[in-house]
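Asks: My questions will all concern the structure given below.
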Amino acid sequence: MNLITLTSPTSLAAEAYRTLRTNLHFASLETPLKTLVVASPDVAESGAMALANLAVTLAQSGKRVIAVDANLRQPVLHGLFGLQNANGLAELLASPEHQANMQATTIAGLSVLTAGQPPAIPSDAISSTHMSAAIQKLAGMADMVLFNTPPAASVSDAAVLSSQVDGVLLVISTGKTRREHAQQAKDVFIRAKARLLGAVMLGAS
Numbered sequence: 776m777n778l779i780t781l782t783s784p785t786s787l788a789a790e791a792y793r794t795l796r797t798n799l800h801f802a803s804l805e806t807p808l809k810t811l812v813v814a815s816p817d818v819a820e821s822g823a824m825a826l827a828n829l830a831v832t833l834a835q836s837g838k839r840v841i842a843v844d845a846n847l848r849q850p851v852l853h854g855l856f857g858l859q860n861a862n863g864l865a866e867l868l869a870s871p872e873h874q875a876n877m878q879a880t881t882i883a884g885l886s887v888l889t890a891g892q893p894p895a896i897p898s899d900a901i902s903s904t905h906m907s908a909a910i911q912k913l914a915g916m917a918d919m920v921l922f923n924t925p926p927a928a929s930v931s932d933a934a935v936l937s938s939q940v941d942g943v944l945l946v947i948s949t950g951k952t953r954r955e956h957a958q959q960a961k962d963v964f965i966r967a968k969a970r971l972l973g974a975v976m977l978g979a980s
């Protein structure tokens, strides 16, 4: 797993994720923060990378964490954690009576629900009542559930999810994220009445 929090745990970048973990803890003191969307405006890989590193630091602090790949269009979390993607969120949404196919990682306390096989119309799956039920089910299984999504400025999936979770982190990739896309994503979450907690800068010196 090529995650900075594992490969270079004493680096400034890894420390930044621990600072983010602390900030989320303080945010949760005011209003419970158990389910969280981590989304990029236009660079899907950046959002997934930030989510994966945050999930690692949360698990390292003793929390039970589930990382969910809700990017049913171009899933990436399974690759970041070296897992199979034959069965995951898509299958749970198609047959909600089934158990979530959680996969353990090498990090104690951290499990991953991969995206699974892409459905015909991903936005319909994410917008379904089954998704709401899945969020509740997963929240009952962990201290923190993090949802990876497609780019927020491109498709509606992130906005739909954001209205059903406790908070949203926007991931800005320095030199890659366009300013207008960042503003579009922010506007999307505001319209969805999401709890926008702030932005995470990737690649900032």
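Note that the numbering used here numbers the sequence shown so that position 127 is 902, with each residue one more than the last. Idealized CB from N, CA, C, for every residue including glycine.
1. Roughly how many angstroms separate the alpha carbons of Asp-918 and Lys-809, rounded to a whole number?
2. Have a look at Val-930 and Asn-923 and give me their C-alpha separation to the nearest angstrom.
3. Is it buried or exposed for Gly-822, if we count other Cβ within 10 angstroms and need 16 for buried?
4. What's the C-alpha gap between Ser-836 and Gln-939?
5. Less than 8 angstroms between the beta carbons of Ile-882 and Val-831, yes or no?
6. Kindly indicate which residue of His-853, Asp-899, Met-916, Leu-799 has the alpha-carbon position closest to the one of Val-887.
7. If you run the structure through DSSP and keep just helix, strand and coil, what is Thr-881?
8. Have a look at Asn-876 and His-956 and give me their C-alpha separation to the nearest angstrom.
Replies: Inspection of the coordinates gives the following:
1. Numbered from 1 along the sequence shown, position 143 holds the residue referred to as residue 918. Numbered from 1 along the sequence shown, position 34 holds the residue referred to as residue 809. Approximately 6 angstroms between the Cα atoms of the pair.
2. In the sequence shown, counting from the first residue as 1, residue 930 sits at position 155. In the sequence shown, counting from the first residue as 1, residue 923 sits at position 148. Straight-line Cα distance between these residues: approximately 13 angstroms.
3. The residue given as residue 822 occupies position 47 in the sequence shown. The residue in question, Gly-822, is buried, as its Cβ has 16 or more Cβ neighbours within 10 Å.
4. Here residue 836 is taken as the residue at index 61 of the sequence shown, counted from 1. Here residue 939 is taken as the residue at index 164 of the sequence shown, counted from 1. Using only the alpha carbons, I get a separation of about 26 angstroms.
5. If you number the sequence shown from 1, residue 882 lands on position 107. If you number the sequence shown from 1, residue 831 lands on position 56. Result yes, Cβ atoms of Ile-882 and Val-831 sit closer than 8 angstroms.
6. Translated into the one-based positions of the sequence shown, residue 887 becomes position 112. Among His-853, Asp-899, Met-916, Leu-799, the Cα nearest to that of Val-887 is on His-853.
7. Along the sequence shown, one-based indexing puts residue 881 at 106. Coil at Thr-881, not helix or strand.
8. As a position in the sequence shown, residue 876 is number 101, starting the count at 1. As a position in the sequence shown, residue 956 is number 181, starting the count at 1. C-alpha separation (whole angstroms): 34 angstroms.
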